Amino acid sequence: MLRLLLGLLLCCFAWGCSGNSDYPATAPVKGVLLYEGKPLANASISLIPDSGRPASGTTNVDGKFELMTFAPGDGAIPGEHRVLVQKYAQPSGDLYSATKSEIPMRYSEIKSTPLRQKVLAKDNPELRIELED
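Letter by letter, the sequence shown follows residues -19 to -1, 1 to 114 in mature numbering (1 follows the signal peptide of the UniProt record, and there is no 0).
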């Protein structure tokens, strides 16, 4: 009886740790984000597919990012994407002060972003996304 119970427990553990194969395939996506030729730190970047879940990430001090869709570092779903970038100034000490975008708003809105990116199923080159005023 103890062996049966331990066997069932082991099967449940293995099943719970096996991950979810219902997720669509993703491909790693890394890159650098520049604004007026300089790295843009602490910006939020998202790749929005026509259908499916978006991928997102945050740039480091060097403007570098790594995207995730379902788990850290898994990348984005292959296909065509619109690219959204958001970077807001830290508000002053006033809790009610409005935040201000540090980049043109066209990059942060799905209807106005001029940025497009194709994600390949594998072997994606490092992205270089450049923003201008």
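Ideal placement from N, C-alpha and C gives every residue a C-beta, glycine not left out. Small disclaimer: the values here were computed from a predicted structure and weren't measured.
Exercise for review: Tell me whether arginine 34 sits in a helix, a strand or coil according to DSSP, three-state version.
Suggested key: Note: arginine 34 maps to coil in three-state DSSP.
Point to revise | Distance between aspartate 55 and asparagine 105 (C-alpha atoms, nearest Å) | key: Cα to Cα, asparagine 105 sits roughly 12 angstroms from aspartate 55.
Check your understanding: Nearest to leucine 28 by alpha carbon, out of Val66, Tyr16, Tyr77?
Key -> Closest option to leucine 28, Cα to Cα, is Val66.
Exercise for review: Kindly identify the DSSP beta-bridge partner or partners of proline 20.
Suggested key: According to DSSP, proline 20 shares a beta bridge with Leu15.
Point to revise | Straight-line Cα distance separating tyrosine 16 from leucine 112 | key: The C-alpha of leucine 112 lies about 5 angstroms from the C-alpha of tyrosine 16.
**Study point:** Cut-off 7 angstroms between Cβ atoms - residues of its own chain near proline 35, not counting five sequence neighbours on either side
**Key:** Cβ within range, chain order: Ser27, Leu28, Ile29.
Review point. Taking just the CA atoms, how far does alanine 70 sit from leucine 96?
Key: Cα-Cα distance, rounded: 22 angstroms.
Check your understanding: Taking Cβ positions, are phenylalanine 51 and tyrosine 88 nearer each other than 8 angstroms?
Key -> Going by C-beta atoms, phenylalanine 51 is not nearer than 8 angstroms to tyrosine 88.
Point to revise | Residues near leucine 48 in its chain [Cβ-Cβ closer than 6 angstroms; skip 5 each side] | key: Take leucine 48, set aside five residues on each side of it, and the residues of its chain with a beta-carbon closer than 6 angstroms to its own are Val10, Ala36, Gly38, Gly56, Ala57, in chain order.
**Study point:** Three-way DSSP call (helix, strand, coil) for leucine -14 in this model
**Key:** Residue placement at leucine -14 is poorly supported in this model, since its pLDDT is 45, which falls under 50; the coordinates still yield a value, given next. Look at leucine -14 here: in three-state DSSP terms it is helix.
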